[in-house]
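Engineer: Next up is a structure, given as structure tokens.
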Amino acid sequence: MTDLAAGAGKKAQRSWKDMDLRAVAPFVALVLLLVLGAFSSPNFLSVDNLLNVLTRSAFIAIIAVGATFVISAGGLDLSVGSMVAFVASLMIMFMNSGVISSLPLMLIAAMALAILIGAACGLANGLITTVGRIEPFIATLGTMGIFRGLTTWLSQGGAITLRSSDLQNLYHPAYFGAVLGVPVPIIVIVATAALGAFVLYRTRYGRHVIAVGSNEDVARYSGIPVNRVRTWTYIIQGLCVAVAVLLYVPRLGSTSATTGTLWELQAITAVVVGGTALRGGVGRIWGTICGAFILEIVGNIMLLSSFVSEYLIGAIQGAIIIIAMLVQRFLMRRN
Amino acid sequence: MTDLAAGAGKKAQRSWKDMDLRAVAPFVALVLLLVLGAFSSPNFLSVDNLLNVLTRSAFIAIIAVGATFVISAGGLDLSVGSMVAFVASLMIMFMNSGVISSLPLMLIAAMALAILIGAACGLANGLITTVGRIEPFIATLGTMGIFRGLTTWLSQGGAITLRSSDLQNLYHPAYFGAVLGVPVPIIVIVATAALGAFVLYRTRYGRHVIAVGSNEDVARYSGIPVNRVRTWTYIIQGLCVAVAVLLYVPRLGSTSATTGTLWELQAITAVVVGGTALRGGVGRIWGTICGAFILEIVGNIMLLSSFVSEYLIGAIQGAIIIIAMLVQRFLMRRN
Amino acid sequence: MTAAAVETRDGPVMQVEGLSKSFGPVEVLRNIGLSFHAGKVHAIIGENGAGKSTLMKILAGHLAPTKGTIRIDGEPVTFTGPVDAEARGIVLVHQEILLAPDLTVAQNLFLGRELSKGLVVDDRAMNERAEKAVRDLGAEIDPRVVVGRLSIAQRQLVQIARALLVPHRVAIFDEPTASLTPIETEALLKVIDDIRNSGIAVLYISHRLPEVKAIADTVSVLRDGNLVATHPAADLQPVDMARLMVGRDVSKLYPDRHAAAAREAALEVEDFSVPGYASNASFRLGKGEILGFAGLVGAGRTELLEGVVGLRAAHGTVKLAGKPVHFADVHDSMKAGIVYLSEDRKGKGLLLQQDLRVNLTLASLGRFMRGLVIDRKRERAALDEAIGEFDIRAGRREMLAGQLSGGNQQKLLLAKMMMLEPEIVVIDEPTRGIDIGTKEQIYKFIAALAEAGKSVIVISSEMPELIGICDRVVVMRAGRIVGEVAGERMTENEIVVLATGATSEEAALVAELP
Amino acid sequence: DKKFTMGVSIPAADHGWTAGVVYHAQRVAKLLMAEHPGLNVIVKTSPDASSQANALEDLTTQGMNALVILPSNPDPLVNAIKQVKSKNIFVTLVDRAPSNNDDSVRDLYVAGNNPALGEVAGNYIKEKTPNAQVVVIRGLPIPIDQQRQDGFDKAIAGSGVKVLEKQFGNWNRDDAFKVMQDYLTKYPKIDVVWCQDDDMAVGVLQAIEQAKRTDIQYVIAGAGSKDMVKKVMDGDKLIPVDVLYPPAMVGTAMELTAAALYDQVPVRGTYIMDATLITKDNAKDFYFPDSPF
Ligand SMILES: Nc1ncnc2c1ncn2[C@@H]1O[C@H](COP(=O)(O)OP(=O)(O)OP(=O)(O)O)[C@@H](O)[C@H]1O
Ligand SMILES: Nc1ncnc2c1ncn2[C@@H]1O[C@H](COP(=O)(O)OP(=O)(O)OP(=O)(O)O)[C@@H](O)[C@H]1O
Ligand SMILES: [Mg+2]
Ligand SMILES: [Mg+2]
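Heads up: the protein sequence lines correspond to chains A, B, C and D, in order. So the first sequence is numbered by the working numbering: it starts at 1 and just counts up by one. So the second sequence is numbered by the working numbering: it starts at 336 and just counts up by one. So the third sequence is numbered by the working numbering: it starts at 671 and just counts up by one. So the fourth sequence is numbered by the working numbering: it starts at 1185 and just counts up by one.
Written out as structure tokens, the structure is:
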């Protein structure tokens, strides 16, 4: 009996240690990358550059927080990139419509609208995968086509540009502003991630998300409304997309049919590089953020240094993702 | 016991029926689509048009046969589109190099080379996912970047075009020729699918593929070399890509860095629309072929009829994929 | 822990009348009528596939009956699902393990009914209560450990704790002790006794008849979906129960074995270690010998043998018939004539989503090849033969392996591995969850193997079984081989002393358990 | 009036310029059908070379008499175009020429001048700022991009203009934004940005604005989108000029093709449009506020 107890104690310790290693792996990769960057270019470690990189990783990072929910619950969402384009287009068109004359009110209404549309798109994805029982990969591939197609149609293939320059000036600080020297997008990243982490780790809903991703049958027997939990992960994803749009629109003041192409793959890559497994049942919000930074930094290092031909950048990026994953595996196996 | 036995007979029948329903669903969808096409355009049901459509579905259909193997074994390959570009580029560059003066010999050597390179690319994918133990989604996303990047570099951003017009003329019938009125690509589709079906359903290796996709642990405990089986599915995928390239090169005589973009998604969609589940353990080669036809016909109907604004084509395609899957689910649930 | 207020009424808490259940055209339960009373333990016994689990699933709302009525306190009820049944105070501990592997023990215990403070889940409180709930079952499991890391026995305990956590009036245990060793079994029986005494109606399924005898007040016997008898437990001895179940006398469970003289070695393992699980193990298996492996849960028996056959990274010397061999993977050891049957038949033994034929021939496809092609006709013939030889009760040939009852899955797994015609067979928990009739068949089968000159290793947590069929028993504790017993010394007492490291007086107490 | 069918195959509207092409193709299609009651114009868009080859087959199935094609990627489409031409269909090739662009491929070639687009930009930089340090943002790695780059390199060859670096911005504003941000970090002094395309200029301008850098004297883009033309018209300091590469050329090609069908005038050969430099003076001639581009 005492023997058994001792065994259990040891086991628990062991599992804590390798939990740490696994969660820490993306951060180790990030640090290694920072070191590499510092060697490759003198400008890399400048505050300006780092802030730039973090700031522009905002879109992927925020979307990837939503993707962490979807993936932890055993789903997948390939439609986020085109959802960005769709939501942003509608938001700008609403602002261009000028139905509200007070600028601040108009801006607030437009932002609320974006959030609503994002949630609605997420709801659509959620219902198709859960109630329609279509594999998420295919369902969201379909909605990806739909959102992208609608955007192309709305923009007649061209760009949709925020016309009122007053509105643009009013909205401008939402991307370009800073609070105490910290750019707004970075603050939004941290806030979104913190909220996401709170929901995923501390609330009952978050627990259910993990349970559904871990074993759907068990979750169902435990009285968890599996479909509702799944659908909500897609809604959360939609909300995150909307938040990203709220930052995207003030940046360029315009969208086009190509906005957000391939962002879905980047978001998923960020999630996986951050240590969340695609099979579901594990979710690491901070790892995801770290993954998004890693992706952005890889591109930044490649541009700043002049190591590689411009033709080869895609190849190097692919190789680095694979290497990052190998490093992670290696760290995990060492326990 | 007699009671049981009697029941068994009846039940067996039933189960065959619902097996059939599931396998038949994509074919039903195909027929519905043909009817729709016939109504939407008078040209649709012409022999010429149908042959055209089947012929050009060859690339996706052939690649999707490989994807059926990969997916049945529980994997995924996102790199096939860029692999097409990579293999085709190398093949054309080899033919342009003129190292062999006899044209027929040169052609045969180039074809052999393409097959070899395809297999090697597949092997790389297989080893990274199995030995490197990286999730297939991420691993092949990485190699997708690598193949695409290498192609861009090889083509120095431009196109790689088969220069010798004699060689082009010699090779021309491989896509444009016909045997007894049946275009060569259709013959190749059928041959590839038949071979694939034979391997998957009748050989020991095929059984192992399904076992590995159903439950990896069980497969391992049954003495099946799981990693080897998985790796071979990627090699088969590479070979299918190479066969598609053998048809692609005579068709367009040239490739560029954008050749094959998004083909991976089309191939996966064809597989899933054809009734193979993404979680592995089931493989339906003929369903896959049917899925590839469906995808191509949707595009064809949209081009022939003038129902929809060309801006909306993407949206309609997305919607049709979702509807096709819903029809399938509905048929399956009805048993 | 049994928080439900107990109403004391005279009538049964729960009743079923005319209950039938069909899966498609196959009727697996026919016209069952039973009543369950507060403060009593009602045992249900029957052969594998008799329909026990199906009945329990109906009672707990997991399945809907095809015909018949369920009454609670005399009122007819229809459950909308397991959650509904749970709300009415009926909890079920499943035969198979239903836990989310990525969540911790505490998170699993409270899944779907988390304690929270405001918006936030109260992990500390849940961990504390979970720890206590598990300790009440006599186990010591850290509530913060992820369930995926627990052994099957530990998971079983967690599952029991989870069921008992909600207020309940009827508690159903479907083979809770199948994967437990005597120590945990003892603790669990005590818990069940407590539950009974607090006025709960307990339904109890087990294939361990002495256990049933010890704990039950009433025993009902199912055979082929029919209720054949209900008796007070006091009127029945285990032998009687066995007869009722199987429909014939099962007088001698263990086959006769004549101790053979010194045998030539079939397998020698020297200084063998499986990092993290077992170290410096040495043992020797003679030709035609049956060697037992005893130990507590977590002793590392499974891992040691998995290491020997090449399923795990390990180092040390393995000799086959005197010749050193190295198995890089399990395929190598199969080729060399060793097969290993996993204790985890659902997770590692059978493809639950595939049919019986595919499962049967999976490991030995090489024997069914006609050129490049698999000969399905021969496969079907082999299946027919295996169904006959191993007495697999399958409703129809096209059934999926996952639809077989637990015991029949075990027989299918046995059949699958025997297709390889091995020289050495390692069977991990051969009779876990197996009915007594089938047990007898399996023991006979093992004995026949040894008789035919094959060598067998049996890993088991049931000491009577080891003593009954083995020539020698090796005992492991905490990853080490701590001793070996044979002949006269092969007693439960002796084994428990070695397995626990306890004094012989303490051990005697344990060994007296049913 | 004789009955004819004219097929128009163009790339899908995937960025600003191609959107302009779609707009003008549809505009001219309406005009032509109004003008010739017997004429049926079918406009089809395709996202890539392979599906454009499919579109050609489909158009042939529909019995077209003339084809106007703006290939998304010319070389891979040569075989498909030849296939059409072999059926005695009048073929007008627009904008993007394959490596062997002779009358075996097409009857008529109408083009903006890709090399000239680069050349005009290069010449402007050479004259205005002879010792400028230039960063270049290219489009996608396909041949027209290469032609523009070659034209540019030719123009500045031998001058004091120095190219600091070239990277791909994929004709996408977001990517151009990122690339420009990194250029700004990397090079303390940049005089001129050549970004080849108006869409990408949007991102470039934002990156410059955000960095508050004043060393950049101007940005040269190309195509002639309404936003950029407006900036030129308004005298924006950073956008003093734009190089015209009019998506309307597809309309010109369609008109010429219709002429070939109806008027039986021998319309054959090559029509190259100028890569006009849009300046403050002539900007209003190139401003189409209704176009999506
Ligand atoms: N989903 C299902 N579909 C078809 N048949 C089923 C299904 N579930 C169970 N059965 C059949 O019902 C019968 C009763 O199974 P059940 O699991 O109740 O047996 P059991 O008495 O619990 O056996 P064991 O002691 O082996 O656990 C078996 O013949 C089994 O094959
Ligand atoms: N995946 C795992 N990771 C870490 N520890 C594990 C894992 N699986 C099992 N263990 C631990 O390894 C030890 C040995 O496992 P196990 O319980 O299977 O041994 P055993 O002697 O075969 O017991 P039994 O067969 O009676 O269940 C136990 O302490 C168990 O909890
Ligand atoms: Mg059972
Ligand atoms: Mg074990």
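Ideal Cβ placement from N, Cα and C applies to all residues, glycine included.
Using a Cβ cut-off of 8 Å, pull out every chain B residue sitting near Ile-1044(C), in sequence order please.
Structural biologist: Those within 8 Å of Ile-1044(C) in chain B are Arg-537, Thr-538, Arg-539, Arg-542.
Engineer: Go ahead and pull the three-state DSSP assignment for Phe-343(A).
Structural biologist: Missing from the structure shown is residue 343(A); chain A here goes from 1 to 335 and no further.
Engineer: When the cut-off is 7 Å and only beta carbons count, does Pro-1134(C) lie next to chain A?
Structural biologist: Closer than 7 Å: no.
Engineer: Can you tell me which residues form a DSSP beta bridge with Asp-1334(D)?
Structural biologist: For Asp-1334(D), which the question treats as bridged, DSSP gives no partner whatsoever.
Engineer: Do Ile-1165(C) and Ala-964(C) have their beta-carbon atoms positioned less than 7 Å apart in this structure?
Structural biologist: For Ala-964(C) and Ile-1165(C), yes; Cβs fall inside 7 Å.
Engineer: Is DSSP giving Ala-213(A) helix, strand or coil here?
Structural biologist: Strictly speaking, residue 213(A) in this sequence is Gly, with Ala absent from that position. Correct three-state label for Gly-213(A): helix.
Engineer: For Met-144(A), return the contacting residues in chain F, with the cut-off set at a CB-CB distance below 7 Å.
Structural biologist: Any reference to chain F falls outside this structure, whose protein chains are A, B, C and D.
Engineer: Would you kindly work out how many angstroms separate the C-alpha atoms of Val-1206(D) and Val-1028(C), rounded to a whole number?
Structural biologist: Computed Cα separation, rounded: 57 Å.
Engineer: Consider the Cβ of Met-325(A): report whether some Cβ of chain B lies at a distance smaller than 7 Å.
Structural biologist: Judged by the 7 Å Cβ criterion, Met-325(A) is in contact with chain B.
Engineer: Taking only the alpha-carbon atoms, compute the straight-line gap between Ser-868(C) and Gly-81(A) and give it to the nearest angstrom.
Structural biologist: The straight-line gap from Cα to Cα measures roughly 59 Å.
Engineer: Which same chain residues, not among the five before or five after Ser-72(A), have their C-beta less than 8 Å away from its C-beta?
Structural biologist: So the qualifying residues of the chain are Leu-200, Val-209, Ile-210, Gly-213, Thr-233, Thr-276, Gly-280, Gly-281, Val-282, Gly-283.
Engineer: Please compile the residues from chain B whose C-beta is within a distance smaller than 8 Å of the C-beta of Leu-1254(D).
Structural biologist: Within chain B, no residue comes near Leu-1254(D); the closest Cβ sits about 14 Å away, beyond 8 Å.
Engineer: Using a beta-carbon distance below 7 Å, is Met-1146(C) in contact with chain B?
Structural biologist: Closer than 7 Å: no.
Engineer: Return yes when the C-beta of Ser-1234(D) is under 6 Å from any heavy atom of ligand 1, and no when it is not.
Structural biologist: Result no, Cβ not under 6 Å from ligand 1.
Engineer: So, for Gly-595(B): in the same chain, excluding its five sequence neighbours on each side, which residues have a beta-carbon less than 7 Å away from its beta-carbon?
Structural biologist: Around Gly-595(B): Gly-416, Ser-417, Val-419, Ala-420.
Engineer: Residues of chain B with a CB under 8 Å from the CB of Ala-1233(D): which are they?
Structural biologist: Correct list: Leu-587, Ser-591, Thr-593, Thr-594.
Engineer: Applying a beta-carbon distance threshold of less than 7 Å, which residues of chain A neighbour Asn-1356(D)?
Structural biologist: Those within 7 Å of Asn-1356(D) in chain A are Thr-258.
Engineer: Any beta carbon of chain A sitting closer than 7 Å to that of Leu-1022(C)?
Structural biologist: Taking Cβ atoms only, chain A never reaches closer than 7 Å to Leu-1022(C), which makes this a no.
Engineer: Would you say Phe-137(A) faces chain B, with C-beta separation under 7 Å as the test?
Structural biologist: Yes, Phe-137(A) lies at the interface with chain B (some Cβ there is under 7 Å from its Cβ).
Engineer: Identify every residue that forms a DSSP beta bridge with Lys-1228(D).
Structural biologist: DSSP, once it has assigned bridges, lists Ser-1193(D) as partnering Lys-1228(D).
Engineer: Measure the CB-CB distance between Gly-457(B) and Gln-601(B) and report whether it falls below 7 Å.
Structural biologist: Their beta carbons are not under 7 Å apart, which means Gly-457(B) does not touch Gln-601(B) by this criterion.
Engineer: Do Leu-647(B) and Trp-153(A) have their beta-carbon atoms positioned less than 7 Å apart in this structure?
Structural biologist: Cβ atoms of Trp-153(A) and Leu-647(B): closer than 7 Å.
Engineer: By the criterion of Cβ-Cβ separation under 7 Å, what are the contact partners of Met-772(C) in chain A?
Structural biologist: For the record, residue 772(C) in the displayed sequence is Asp; it is not Met. Residues of chain A passing the Cβ test: Ile-210, Ser-214, Gly-281, Val-282.
Engineer: Determine the chain C residues that contact Arg-565(B) at a beta-carbon separation under 8 Å, and present them in chain order.
Structural biologist: Those do not exist, as Arg-565(B) stays about 14 Å from chain C at its closest Cβ, beyond 8 Å.
Engineer: Let me check you understand the geometry: is the CB of Leu-1074(C) closer than 6 Å to at least one non-hydrogen atom of ligand 1?
Structural biologist: Yes, ligand 1 has a heavy atom inside 6 Å of this Cβ.
Engineer: Cutting at 7 Å between CB atoms, please list the residues of its own chain near Ile-620(B), excluding the five before and the five after it.
Structural biologist: Within the same chain, Ile-620(B) has close Cβ partners Val-400, Thr-403, Ala-528, Gly-531, Ala-532, Leu-535.
Engineer: Could you give the DSSP three-state label for Gln-1144(D): helix, strand or coil?
Structural biologist: As shown, chain D starts at 1185 and ends at 1477. That puts residue 1144(D) outside it, with no answer to give.
Engineer: Could you name the residues of the same chain whose beta carbon sits closer than 7 Å to that of Leu-1261(D), not counting the 5 residues immediately before and after it, in chain order?
Structural biologist: If we look at Leu-1261(D) and ignore the five residues flanking it on each side, its Cβ neighbours are Ala-1233, Gln-1236, Ala-1237, Pro-1255.
Engineer: Leaving aside the five residues before and after Pro-136(A) along the sequence, list all residues of the same chain whose C-beta is less than 6 Å from its C-beta, in chain order.
Structural biologist: For Pro-136(A), where only same-chain residues beyond five positions count, the Cβ hits under 6 Å are Gly-75, Leu-76, Thr-129.
Engineer: Express the C-alpha separation of Leu-1020(C) and Ile-285(B) in angstroms, rounding to a whole number.
Structural biologist: Because chain B is modelled from 336 through 670, residue 285(B) falls outside the range shown and cannot be assessed.
Engineer: Taking 7 Å as the threshold (beta carbon to beta carbon), is Gly-719(C) in contact with chain B?
Structural biologist: Closer than 7 Å: no.
Engineer: Round the Cβ separation of Ala-360(B) and Gln-663(B) to the nearest angstrom and send it over; I've been treating them as touching at under 8 Å.
Structural biologist: Yes, they are in contact, since the Cβ atoms of Ala-360(B) and Gln-663(B) sit about 4 Å apart, within 8 Å.
Engineer: Which term fits Asn-387(B), buried or exposed, when burial requires 16 or more other beta carbons within 10 angstroms of its beta carbon?
Structural biologist: It is buried - the Cβ of Asn-387(B) has at least 16 other Cβ atoms within 10 Å.
Engineer: Taking its Cβ as the centre, do 16 or more other Cβ atoms sit within 10 Å of Ala-191(A), making it buried, or is it exposed?
Structural biologist: Burial call: exposed.
Engineer: Could you give the first and the last residue of the continuous alpha helix (DSSP H) run that contains Leu-312(A)?
Structural biologist: From DSSP, Leu-312(A) is part of no alpha helix (DSSP H); its letter is neither H nor E.
Engineer: Which residues mark the beginning and the end of the alpha helix (DSSP H) in which Asn-125(A) is found?
Structural biologist: First-last of the alpha helix (DSSP H) with Asn-125(A): 103-130.
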